[in-house]
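As C-alpha cells, the structure follows; a few thoughts come after it.
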Amino acid sequence: MTASDPQPITGQTATATPDVREADRLCAHLKTVQQEIARIIFGQERVINQTLTAILAGGHGLLVGAPGLGKTLLVTTLGTVLGLDARRVQFTPDLMPSDITGSEILDEDAAGHRSFRFVPGPVFCQLLMADEINRASPRTQSALLQAMQERRVAIAGTDHALPYPFHVLATQNPLEQEGTYPLPEAQLDRFMLQIPLNFPDEAAERAMLLATTGAESTTAQPVMTPQDLLAAQFLVRTLPVGDKVVDAILKLVRSARPETTYDDTLRNQIAWGPGPRAAQALMLATRARALLDGRLSPNLDDVIALAHPVLAHRMSLTFAARADGVQLDAVITQLLKHLG
Numbered sequence: 002m003t004a005s006d007p008q009p010i011t012g013q014t015a016t017a018t019p020d021v022r023e024a025d026r027l028c029a030h031l032k033t034v035q036q037e038i039a040r041i042i043f044g045q046e047r048v049i050n051q052t053l054t055a056i057l058a059g060g061h062g063l064l065v066g067a068p069g070l071g072k073t074l075l076v077t078t079l080g081t082v083l084g085l086d087a088r089r090v091q092f093t094p095d096l097m098p099s100d101i102t103g104s105e106i107l108d109e110d111a112a113g114h115r116s117f118r119f120v121p122g123p124v125f126c127q128l129l130m131a132d133e134i135n136r137a138s139p140r141t142q143s144a145l146l147q148a149m150q151e152r153r154v155a156i157a158g159t160d161h162a163l164p165y166p167f168h169v170l171a172t173q174n175p176l177e178q179e180g181t182y183p184l185p186e187a188q189l190d191r192f193m194l195q196i197p198l199n200f201p202d203e204a205a206e207r208a209m210l211l212a213t214t215g216a217e218s219t220t221a222q223p224v225m226t227p228q229d230l231l232a233a234q235f236l237v238r239t240l241p242v243g244d245k246v247v248d249a250i251l252k253l254v255r256s257a258r259p260e261t262t263y264d265d266t267l268r269n270q271i272a273w274g275p276g277p278r279a280a281q282a283l284m285l286a287t288r289a290r291a292l293l294d295g296r297l298s299p300n301l302d303d304v305i306a307l308a309h310p311v312l313a314h315r316m317s318l319t320f321a322a323r324a325d326g327v328q329l330d331a332v333i334t335q336l337l338k339h340l341g
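All letters in the sequence shown, in the order written, are residues 2 to 341 by this note's numbering.
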C-alpha cells in the first residue's frame, strides 16, 4: 500500500463499476459538506475543495500558509462535518515519537502482579492535525510519517492498527524558518497534496470580521459519518478514467522529470522530478475532484487544477534555475501548456 491508498472496505473490490444511485446520494452529501464548511471558513473555497479532495482520495494533506488563515479551524470543522474523531498535536522541538504514537507503562494490580499496558497516543484517531510539523525533530516527524504510510504503529515489537479511516492534515508556516526541521523530500512525498493558503479577498474578510466578533458564534454540524466517507472513498476508486486523462497524467508526470522531459530548457531547470506516487496521487485526486463536482468521471480540467498541489512538493529546481529567478509554479504552468 502507498500513502494514497484508502482503507479497504469488506466485501467490495476496486474492479466494481460505480453505483449511480449511491453516487447521487454521496454527491448530495458532499455538496452539503462543502456548504457547511463554507459557513465557518470564509474565502477559502479552493482550500476547502482541495482538502476534501485529499481526504476523498484516501490521502493526507500538507497545508502551507501564514498564521491566522484558519488552518486549525478548517481541520476542526472538517472533523465535525465528516463525523470523524479529530485530534490536534502541536509540534515542538522537544516532542518525542511516543508523544504521538503512545507508549507502554508498567501497571501493578491489587495482588502485586505487574504487567505492561499500551497507552495509545493522539495518532489513534480518524483525523489528526499535525500543527507546524516542521518544528519537530526528524525522529518525531518520521514516527508520524511512518504511521501515515503504514497506518499502524509498532510499540515494543507489537503492531497496533490505526482506526479506519485515518487521515493527517499537517500545517507548515512558510515564513518563520528559525528552529525548524524541513521535511525531507522522501517524507514530503507521503502527502498527496500540498495546499497553499492565501489571504482572503476583501468581501470574505469583511464577512469573517462580522461573523467572528459578535456575541454569538457559529458552529458546524455533522453531515456525514465515517461509514459514508469510506463508501465515498471506495466510489472514487470505481469511477472510470478515460484514456485521454490517463495519457495526460502520464505525460505531465514524466515531463516533470529531467530524465524523461521533452524540453531541453526544462531539463536544465529541474534538479529532480516526481516519482510514480505522483501519478497515483493525481489519478485518485482527479476522480475525487470530479465526485465533489457531481461528475462520475474526471476530465483534463481536473488534471490541470490539481497539477500544482500534486507536483509542487515533489519537484526541485537546479541551483542555476533558482539563481536566475525561476519559480517552480512557473515551471509547472509551462508543463501544463503541453497537455492539450
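Using N, Cα and C, we set each Cβ at its ideal position, and we do this for glycine too.
What residue does the alpha helix (DSSP H) around residue i start on, and which one ends it?
{"i": "V311", "result": "301-312"}
{"i": "R26", "result": "21-41"}
{"i": "T239", "result": "227-239"}
{"i": "E151", "result": "139-151"}
{"i": "D244", "result": "244-256"}
{"i": "T73", "result": "72-82"}
{"i": "E186", "result": "186-189"}
{"i": "A55", "result": "46-57"}
Taking residue i as the reference, give the member of the options with the closest Cα.
{"i": "I56", "options": "L170, D132, Q147, L163", "result": "L170"}
{"i": "G69", "options": "N199, R255, L236", "result": "N199"}
{"i": "V254", "options": "G103, L283, H168", "result": "L283"}
{"i": "A286", "options": "C28, N50, L83, Q35", "result": "N50"}
{"i": "D244", "options": "V304, L145, A289, D265", "result": "V304"}
{"i": "D325", "options": "M316, T33, T266, T159", "result": "T266"}
{"i": "T213", "options": "Q35, R40, L318", "result": "R40"}
{"i": "I106", "options": "Q91, I156, G59", "result": "I156"}
{"i": "P121", "options": "T93, D110, A331, P98", "result": "P98"}
{"i": "A29", "options": "A279, T319, L96, L292", "result": "L292"}
{"i": "G66", "options": "A233, T219, L340, Q45", "result": "Q45"}
{"i": "A204", "options": "L31, R22, F43", "result": "F43"}
{"i": "L75", "options": "L236, P183, A131", "result": "A131"}
{"i": "R22", "options": "L329, L297, H314, A322", "result": "L297"}
Name, in chain order, the residues that DSSP records as bridge partners for residue i.
{"i": "G62", "result": "L170, L194"}
{"i": "T159", "result": "I156"}
{"i": "D132", "result": "Q91"}
{"i": "S317", "result": "W273"}
By the DSSP assignment, the beta strand (DSSP E) with residue i in it spans what residues?
{"i": "G103", "result": "103-109"}
{"i": "R207", "result": "Here R207 belongs to no beta strand (DSSP E); instead the alpha helix (DSSP H) covers 203-213."}
{"i": "V90", "result": "87-91"}
{"i": "P277", "result": "Counting along the chain, P277 falls outside any beta strand (DSSP E), though it belongs to the alpha helix (DSSP H) covering 277-293."}
{"i": "F119", "result": "115-121"}
{"i": "A272", "result": "271-273"}
For residue i, which residues of its own chain have a beta-carbon under 6 Å away from its beta-carbon, when the five flanking residues on both sides are left out?
{"i": "D108", "result": "S116, R118"}
{"i": "Q335", "result": "none"}
{"i": "P310", "result": "Q51, L194, Q195, I196"}
{"i": "T33", "result": "V224"}
{"i": "C126", "result": "D86, R88"}
Enumerate in chain order the residues of its own chain whose CB-to-CB distance from residue i is below 8 Å, with the five nearest sequence positions on each side excluded.
{"i": "T262", "result": "R255, S256, R268, I271, G274"}
{"i": "Q222", "result": "E37, T81, V82"}
{"i": "T219", "result": "R40, I41, A212"}
For residue i, which residues in the same chain have their Cβ closer than 7 Å to its Cβ, ignoring the five residues on either side in sequence?
{"i": "A148", "result": "T102, V124, V154, L163"}
{"i": "D20", "result": "none"}
{"i": "T77", "result": "A87"}
What whole-angstrom Cβ distance do residue i and residue j have, given they're in contact under 8 Å?
{"i": "L64", "j": "T172", "result": "5 Å"}
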